[in-house]
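In our numbering, the protein residues as written are 1 to 309.
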């Protein structure tokens, strides 16, 4: 088994098409097909189901993809480590993030990194915590900024970023706003909720808290971006439970404290591969976390019931 076989296999798996993969790799289609057949003969298992329109992975192919991506990531890290020893940081840093992540200003961090290391290509992916954890563990991402999640020391580790309480956002005409209440999960039973997809960190934090409190809730309006969530709450179509820093994103909404969820209900972390597999570019990026470019601005002063939270 050669590295090029694994590279060819991963390209076909990503493109789900031999012709497109061959064009991307700049090899002949016949050569690519021969490479895949050689790999299948060695492993004694078919890796793809081939049709006239596309190819899909077999069960054996799915198992190999996880390991192939990890091997290629380690090879890339080895090349980058040697370059770093020679005083040159080059290659690629691939990172992921949830939207509006707490504890780091991702755009500022990446701008500072580019100024320091202009020869490193930056690739960014935004998605939910579950997908980010899988991609870091598989070697497709060098690191990710995400909601806290279970980690496996052999494949994934987590470095804490920050933590904050959760807050209820509602329309100023909602009965909760008029009462100026301090709320608990039980007070929200029967309400219509606006929330994110279940893979996003704020949704995971809220689901966990309500489950722990034994309170069922209905997420009638599910979105994948912060602005849509705020728009729906702004039209009084539902309420939302969100990390506290979201309260500054829409001044027309009322923010109310939510007790019974713990001061660290929403915790964010940096997800990383094991120490030995962390690339030099990822280490360089992490070294900039404490700089002013990456720092989150201090929250403005808050009056009203949230001021003491």
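Cβ coordinates follow ideal geometry from the N, Cα and C atoms, glycine included.
If we count the other Cβ atoms within 10 Å of its Cβ and call it buried at 16 or more, is residue i buried or exposed?
i: residue 136; result: buried
i: residue 202; result: buried
i: residue 227; result: exposed
i: residue 189; result: exposed
i: residue 244; result: buried
i: residue 279; result: buried
i: residue 103; result: buried
i: residue 251; result: exposed
i: residue 242; result: buried
For residue i, which residues from the same chain have a beta carbon less than 7 angstroms from its beta carbon, with the 5 sequence-adjacent residues on both sides left out?
i: residue 40; result: 46 and 47
i: residue 4; result: 35
i: residue 22; result: 28, 29 and 32
i: residue 291; result: 112
i: residue 11; result: 21, 24 and 25
i: residue 75; result: 3
i: residue 19; result: 29
Give me the Cβ distance between residue i and residue j, rounded to the nearest whole Å; I'm assuming they're in contact under 8 angstroms.
i: residue 132; j: residue 144; result: 4 angstroms
i: residue 139; j: residue 73; result: 3 angstroms
i: residue 294; j: residue 105; result: 6 angstroms
i: residue 124; j: residue 181; result: Contact doesn't hold; Cβ gap of about 40 angstroms is too wide.
Could you give the residue range of the beta strand (DSSP E) that holds residue i?
i: residue 126; result: 120–126
i: residue 91; result: 91–97
i: residue 217; result: Looking at the DSSP string, residue 217 is not in any beta strand (DSSP E), and its letter there is neither H nor E.
i: residue 182; result: Run containing residue 182: none; DSSP gives neither H nor E here.
i: residue 243; result: 240–243
i: residue 274; result: Residue 274 -> no beta strand (DSSP E), and no H or E assigned at all.
Grab me the residues of residue i's own chain with a C-beta within less than 6 angstroms of its C-beta, minus the 5 sequence neighbours each way, in chain order.
i: residue 254; result: 170, 172 and 177
i: residue 194; result: 221, 229, 232, 233, 238 and 240
i: residue 2; result: none
i: residue 224; result: 197
i: residue 53; result: none
Counting contacts by CB-CB distance shorter than 8 angstroms, is residue i in contact with chain D?
i: residue 249; result: Any reference to chain D falls outside this structure, which holds one protein chain only.
So, residue i versus residue j, is the Cβ gap smaller than 8 angstroms?
i: residue 17; j: residue 55; result: yes
i: residue 247; j: residue 167; result: yes
i: residue 147; j: residue 205; result: yes
i: residue 156; j: residue 95; result: no
i: residue 184; j: residue 249; result: no
i: residue 215; j: residue 186; result: yes
i: residue 120; j: residue 91; result: yes
i: residue 211; j: residue 101; result: no
i: residue 98; j: residue 130; result: no
i: residue 68; j: residue 43; result: no
i: residue 272; j: residue 93; result: no
Need the endpoints of the alpha helix (DSSP H) that residue i sits in, please.
i: residue 231; result: 226–234
i: residue 110; result: 106–116
i: residue 41; result: 29–43
i: residue 208; result: 201–213
i: residue 19; result: 18–25
i: residue 9; result: 3–15
Once you ignore the five residues that flank residue i on each side, which residues in its own chain have a CB closer than 8 angstroms to its CB?
i: residue 57; result: 13, 47, 48, 49 and 65
i: residue 288; result: 109, 112, 113, 116 and 294
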